[in-house]
Structure formats: structure tokens, C-alpha cells
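The block underneath contains the structure these notes are about, expressed in C-alpha cells.
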Amino acid sequence: MNQKPLVLKILDIVSVLLLLAAAHLAIFVAPTEKVMGNVQRVFYFHVGTAWVALIGFVVTAGLSVIYLVTKNLKWDRIQVAAIEVSVVFFLITIILGSIWARPAWNTWWTWDPRLTTAAITELIYIAYFMLRQGIDDPNKRARFGAVYALIGGLSAPITFFAIRLFRTIHPVVVAGSNAEAEGSFSMTGDMLQALFFALFAFTIVFIDLLWNRIRLGNVQDQVEELKLKATW
Amino acid sequence: MKQSSEQLSVNSNYVRAIGAIVWKDLRAEFRSWELVSAMFVFSLLVILIFNFALELDVKTRQSVTAGVLWATFAFAGTLGLNRSMALEKDRGCLDGLLLAPVDRSAIYFGKFISNLAFMLIVEAIVLPVYSVLYNANLFQPGLIMVILLGSVGYTAVGTLLAAMSVQTRTRDILLPILLFPVAFAVLLSAVKASGGFLEGADYSEIAFPINLLIVYDIIFIAASFMLFDNIVEE
Numbered sequence: 028m029n030q031k032p033l034v035l036k037i038l039d040i041v042s043v044l045l046l047l048a049a050a051h052l053a054i055f056v057a058p059t060e061k062v063m064g065n066v067q068r069v070f071y072f073h074v075g076t077a078w079v080a081l082i083g084f085v086v087t088a089g090l091s092v093i094y095l096v097t098k099n100l101k102w103d104r105i106q107v108a109a110i111e112v113s114v115v116f117f118l119i120t121i122i123l124g125s126i127w128a129r130p131a132w133n134t135w136w137t138w139d140p141r142l143t144t145a146a147i148t149e150l151i152y153i154a155y156f157m158l159r160q161g162i163d164d165p166n167k168r169a170r171f172g173a174v175y176a177l178i179g180g181l182s183a184p185i186t187f188f189a190i191r192l193f194r195t196i197h198p199v200v201v202a203g204s205n206a207e208a209e210g211s212f213s214m215t216g217d218m219l220q221a222l223f224f225a226l227f228a229f230t231i232v233f234i235d236l237l238w239n240r241i242r243l244g245n246v247q248d249q250v251e252e253l254k255l256k257a258t259w
Numbered sequence: 044m045k046q047s048s049e050q051l052s053v054n055s056n057y058v059r060a061i062g063a064i065v066w067k068d069l070r071a072e073f074r075s076w077e078l079v080s081a082m083f084v085f086s087l088l089v090i091l092i093f094n095f096a097l098e099l100d101v102k103t104r105q106s107v108t109a110g111v112l113w114a115t116f117a118f119a120g121t122l123g124l125n126r127s128m129a130l131e132k133d134r135g136c137l138d139g140l141l142l143a144p145v146d147r148s149a150i151y152f153g154k155f156i157s158n159l160a161f162m163l164i165v166e167a168i169v170l171p172v173y174s175v176l177y178n179a180n181l182f183q184p185g186l187i188m189v190i191l192l193g194s195v196g197y198t199a200v201g202t203l204l205a206a207m208s209v210q211t212r213t214r215d216i217l218l219p220i221l222l223f224p225v226a227f228a229v230l231l232s233a234v235k236a237s238g239g240f241l242e243g244a245d246y247s248e249i250a251f252p253i254n255l256l257i258v259y260d261i262i263f264i265a266a267s268f269m270l271f272d273n274i275v276e277e
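Those protein sequences? They're chains D and Y, same order as listed.
If you count the first sequence from 1, you need to add 27 to reach the working numbering.
If you count the second sequence from 1, you need to add 43 to reach the working numbering.
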């Protein structure tokens, strides 16, 4: 009934190509980091996925406000899509970070502020889906989801400051530096190029996935409506 | 002049509505002692488990007392929050409250204050018991202030989320899953500040977590005040 738009089809292909190009830049073009060696190449995708996931979470908080003001279910569908895609990207960020941390910090995981905040944020948005699962009425589900996403979005930065009470070893590579950081490095021009290309590629991939997920949400709603009609 | 007196009567109506809800909750509780006794017994059990799980000898106790106390308060708190909201939902009391011609946020503040009262009552019993069990003096003004600030933040967001979770299908298990990640900051800074006071640390070290607690309290009371309408709307 509603065909996939041509722009989206093109975007699908473009995002796959961009992802391949970003991988090529990160693996073959960017120079090998002196101290850490090849494992540092994880960095480009680590920052790329974190970037889009965090943008997704920030956008989500805005969508909460828009939904609560307009009460239009369209915004709820966009919010679910944004959170779902962001949760997956953020999980990838955490896993990639772990892979890097094993050789660089000699541990898969440490209770550093950034890592802990990341874990808590991920848990908040997983709880978001558990909350939605327990509610049948779509309007109520959307309202509760928006309220919880907003509360979660408010608490994440405070959590970050609270964990700062303990020291951090996470390197700050982009803008600013952390004297206590371990595994920090300064970037050369090629590295910067690979990084910015990864950021760009992941932004496009994110938009593509988001769009597809919103379409899926619309179809889901239509199916639900049809089922209701069939049972009547 | 007339307008200001009208304003005054609206305000006093609002305060009276809050007072009525708090009064109702406290009165029901003082007749049955269901909630507070359950929270208290549960707290004792949690402390008992911690005692053996962490082997709380004199040396370990010094460093973990604050953590044990807050973990206990957090667990007992979810128990109380869930029950207090479930009671409203079960007997259709919430619908009755919603029919009342008062601002919806008055219901939130009423429930918030009574939940806070229950939590503080339980804390006021747990503290001396802990002091006696472990021969430690927990009655320091600083610590009591931290407990007050921490409990305010925890119940402020807890009341809002409990009002949500009781309206879902998975209401018995959902509240802690929703509440703990959001309340992480308040628990963490409360543990840090309490530990600081117990170890007699310098105020400059404790100031940051206390400021964070105050910020958290203000943000989440304001947010809950604005969002509560959306949760009870039918």
C-alpha cells in the first residue's frame, strides 16, 4: 500500500557505501598509533557510534516535550524509533570501548564516570521499552514513554557529575584533555580525516535506520488497527 | 485587592488539598501500620543479609556503613512507594482523587509528602537500631541532613514513577527497574556525603555531593510537578 520512497532506497545504498568507505579509511588510510598499535583504530567507530547515539538521546528528550504538548502519536513513533536505534548504537559503542580498553587499560571494564554513565543511560532506555511493553493503550503508552524518556534524559547528566566524585581515566581526545587519562593520544591530520568521515558516515546511517524504523512503526500501527477491525 | 484575596483562597485551597491527602494517608497508616512495619522489617532483613554478605567487622564497617544504609533505604523505599500507589489504584481511590476539583499536582504533592513521611519514619527507626547493633553513633546533624535531602530526591522521583508503574501490567516488578537508574545520582551522592560525615571529612569534600543532592531535589520536584498531569490523565 505505501511503497518505500525512492529517496530512502537511495539512502540505504549510500549509507552502506559510506560505512564501507569509513571502514576503509579507519583500517587502511589512517596511520597506526605509535603506542597502542592497531587496536586504536576501534576509536573511529567508537566515537562515531557514540556521537549518533548521544544525538539520538538528546533528540529524544525534545520529542518527549513535543509529544506531551501536541499529543500527536506521530511524535511518539519517531521517539520510539530514535531510542531503539540509539540504544543499539550505544551498545556498539560500549562493546567497542571494551575491546579497546582491554589492551589499553588492561581491563574490559572499569567503573569510570563515562563508562558508568553510559551503562546507566543504556539501562534507562532499556527500562523505557520494558515500561512500554506493560501498557496496551497506545495513547497511555506514548504519554508514559515520553514522561520516562524525559525524566531519564534529565537524570543522565546529573549521574555523570555524581560519578565524577570518583576519579576518571577515560581519555578526552576531542577538545580538552584529562591529565589523569590513560591511553590518550594526539591526532594527526589523517586520523582527523578518518574520524570526521566516520562521524559523517554514522550520521547518514543513523538517519537511514531511523527513517526505516519510523516506517516500520507506521506499518505496525496499521497492522494493529486491522487486527482490531478483524476481531470486531 | 479582590484579586489578591482570590489568589490567596486558591493557594490555600491547594495547600488544603495537599494536607487532606497527607492526612488521609497518615491516618490510614496509623490505624494499620501495614506499610511502615513492612518497610521496617524488610530493612532489618536487608541489614542482616549485608551483615553476613559483607562480614561487617569493625574495620569494614567504617568504610561501608553509608553504602549499607542507603542500599537499605532504597530497597525499603521501593517497597513503600509501590504499596502506597497500589493501594490507591486497587480500590479505585485514585479515580476518586482525580474527580476532586483540585489541581492534579496537589495529588502528586500529597502522595509525595506522605511517602516521604513513611520513608523518614522507617529511617528514624532504622538509624538507632543500626547504632545499637554496631555500636556506632549515627546521630550527627550532618548525616541527618543528608538523609533528609536524599530521601526527598528519592521519593520525589519515586512517587512519579510509582504512579506510572502501578498502571502497567508488570506493576509488581517494574518500579525498581524504572527507579534505580534514574535515582542512581541521588543514591551515589547521598552515599558519598553520608560517608564523608561519618568519617569526619572536611566540609570542602562533602560540599559537592550535598550541592548535587540539592540540585537533584529541585530539578526532580519541578519536573514531577509538571509531568504528573500526563500520568493520571484518562
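C-beta atoms are modelled at their ideal positions from N, C-alpha and C, and glycine is treated no differently.
Give the range of the alpha helix (DSSP H) segment to which residue 134 of chain Y is assigned.
Position 91 of the second sequence, counted from the start, is the residue given in the question as residue 134 of chain Y. Note, residue 134 of chain Y: premise wrong, no alpha helix (DSSP H); not H, not E.
Evaluate residue 235 of chain D with the Cβ neighbour count: other Cβ atoms within 10 Å of its Cβ, from every protein chain shown; 16 or more gives buried, anything less gives exposed.
Translated into positions along the first sequence, residue 235 of chain D becomes position 208. By the 10 Å Cβ count, residue 235 of chain D comes out buried.
Taking the straight line between their C-alpha atoms, what separation do you get for residue 246 of chain Y and residue 206 of chain Y?
Stepping through the second sequence from its first residue, residue 246 of chain Y is reached at position 203. Stepping through the second sequence from its first residue, residue 206 of chain Y is reached at position 163. Residue 246 of chain Y and residue 206 of chain Y: Cα-Cα distance of roughly 37 Å.
Three-state secondary structure (DSSP) at residue 64 of chain D?
The residue you call residue 64 of chain D lines up with position 37 of the first sequence. DSSP places residue 64 of chain D in strand when its eight states are reduced to three.
Given this structure, state the Cα-to-Cα distance separating residue 91 of chain D from residue 116 of chain Y, to the nearest angstrom.
Walking along the first sequence from the start, residue 91 of chain D turns up at place 64. Walking along the second sequence from the start, residue 116 of chain Y turns up at place 73. If you take the alpha carbons of residue 91 of chain D and residue 116 of chain Y, they lie about 31 Å apart.
Is the distance from the Cβ of residue 213 of chain Y to the Cβ of residue 124 of chain Y below 8 Å?
Translated into the one-based positions of the second sequence, residue 213 of chain Y becomes position 170. Translated into the one-based positions of the second sequence, residue 124 of chain Y becomes position 81. No. Outside cutoff.
Out of Y:210, Y:118, Y:92 and Y:109, state which residue places its alpha-carbon closest to the alpha-carbon of residue 222 of chain Y.
As a working mapping, residue 222 of chain Y is identified with position 179 in the second sequence. For the residues Y:210, Y:118, Y:92 and Y:109, the minimum Cα distance to residue 222 of chain Y belongs to Y:118.
Comparing C-alpha positions only, which one of Y:93, Y:146, Y:153 and Y:112 sits nearest to residue 69 of chain Y?
Within the second sequence, residue 69 of chain Y is the residue found at index 26, counting from 1. Answer by Cα proximity: Y:153.
Roughly how many angstroms separate the alpha carbons of residue 44 of chain Y and residue 86 of chain D, rounded to a whole number?
Stepping through the second sequence from its first residue, residue 44 of chain Y is reached at position 1. Stepping through the first sequence from its first residue, residue 86 of chain D is reached at position 59. Model confidence at residue 44 of chain Y stands at a pLDDT of 46, short of 50, so the residue's coordinates are unreliable; what they give is reported in the following sentence. Distance between the alpha carbons of residue 44 of chain Y and residue 86 of chain D: 46 Å.
Please list, in chain order, the residues of the region 159-175 of chain D that have any C-beta partner in chain Y closer than 8 Å.
Within the region 159-175 of chain D, the qualifying residues are 160, 161, 162, 163, 167, 170, 171, 173, 174 and 175.
Going by the CB atoms, is the gap between residue 84 of chain D and residue 113 of chain D shorter than 8 Å?
One-based indexing of the first sequence puts residue 113 of chain D at position 86. One-based indexing of the first sequence puts residue 84 of chain D at position 57. Taking 8 Å as the Cβ cut-off, residue 113 of chain D and residue 84 of chain D qualify as a contacting pair.
Please report whether the beta-carbon of residue 154 of chain D lies at a distance below 8 Å from any beta-carbon of chain Y.
Within the first sequence, residue 154 of chain D is the residue found at index 127, counting from 1. Yes, contact with chain Y.
Under the three-state reduction of DSSP, which class applies to residue 217 of chain D: helix, strand or coil?
The residue you call residue 217 of chain D lines up with position 190 of the first sequence. It is helical.
Kindly give me the distance between the Cβ atoms of residue 165 of chain Y and residue 82 of chain Y, rounded to whole angstroms, as I take these residues to be in contact under 8 Å.
Taking the second sequence and counting its residues from 1, the one referred to as residue 165 of chain Y is at position 122. Taking the second sequence and counting its residues from 1, the one referred to as residue 82 of chain Y is at position 39. About 5 Å; that satisfies the 8 Å criterion.
Within 8 Å, do at least three Cβ pairs link the region 29-38 of chain D to the region 226-243 of chain D?
Yes, the region 226-243 of chain D is in contact with the region 29-38 of chain D.
Can you tell me whether DSSP reads residue 239 of chain D as helix, strand or coil?
Position 212 of the first sequence, counted from the first residue, corresponds to residue 239 of chain D. Of the three classes helix, strand and coil, the one that applies to residue 239 of chain D here is helix, per DSSP.
With 16 other CB atoms within 10 Å as the buried threshold, where does residue 99 of chain D fall?
As a position in the first sequence, residue 99 of chain D is number 72, starting the count at 1. With fewer than 16 other Cβ atoms within 10 Å, it is exposed.
In the region 196-212 of chain Y, which residues sit with their C-beta less than 9 Å from some C-beta in chain D, listed in chain order?
Listed by position along the chain: 200, 203, 204, 207, 208, 210, 211 and 212.
Starting from residue 179 of chain D, find everything on chain Y with Cβ-Cβ shorter than 8 Å and list it in chain order.
Taking the first sequence and counting its residues from 1, the one referred to as residue 179 of chain D is at position 152. Ordered by position in chain Y, the residues that pass the 8 Å Cβ test against residue 179 of chain D are 224 and 225.
Residues of chain D with CB closer than 7 Å to the CB of residue 217 of chain Y, please, in chain order.
Looking up residue 217 of chain Y in the second sequence gives position 174. Near residue 217 of chain Y (Cβ distances below 7 Å), the residues of chain D are 157, 158 and 161.
Please classify residue 31 of chain D: does DSSP put it in a helix, a strand, or coil?
Translated into positions along the first sequence, residue 31 of chain D becomes position 4. DSSP places residue 31 of chain D in coil when its eight states are reduced to three.
Can you tell which of Y:263, Y:252 and Y:86 has its C-alpha closest to the C-alpha of residue 226 of chain Y?
As a first step, residue 226 of chain Y is located in the second sequence; it is residue number 183 there, counting from the start. Selected option, being the one with the closest Cα: Y:263.
What is the C-beta distance between residue 181 of chain Y and residue 192 of chain Y, in whole angstroms, given that I count them as a contact (C-beta under 8 Å)?
Sequence index remark: in the second sequence, residue 181 of chain Y carries index 138 (1-based). Sequence index remark: in the second sequence, residue 192 of chain Y carries index 149 (1-based). 16 Å between Cβ atoms; not a contact.
Compare the C-beta of residue 258 of chain D with all C-beta atoms of chain Y and state if any pair is closer than 8 Å.
Taking the first sequence and counting its residues from 1, the one referred to as residue 258 of chain D is at position 231. No, no contact with chain Y.
Out of D:64, D:126, D:186 and D:133, which has the shortest C-alpha to C-alpha gap to residue 148 of chain D?
Locating residue 148 of chain D in the first sequence gives position 121, where the first residue counts as 1. Cα-wise, what sits closest to residue 148 of chain D is D:186.
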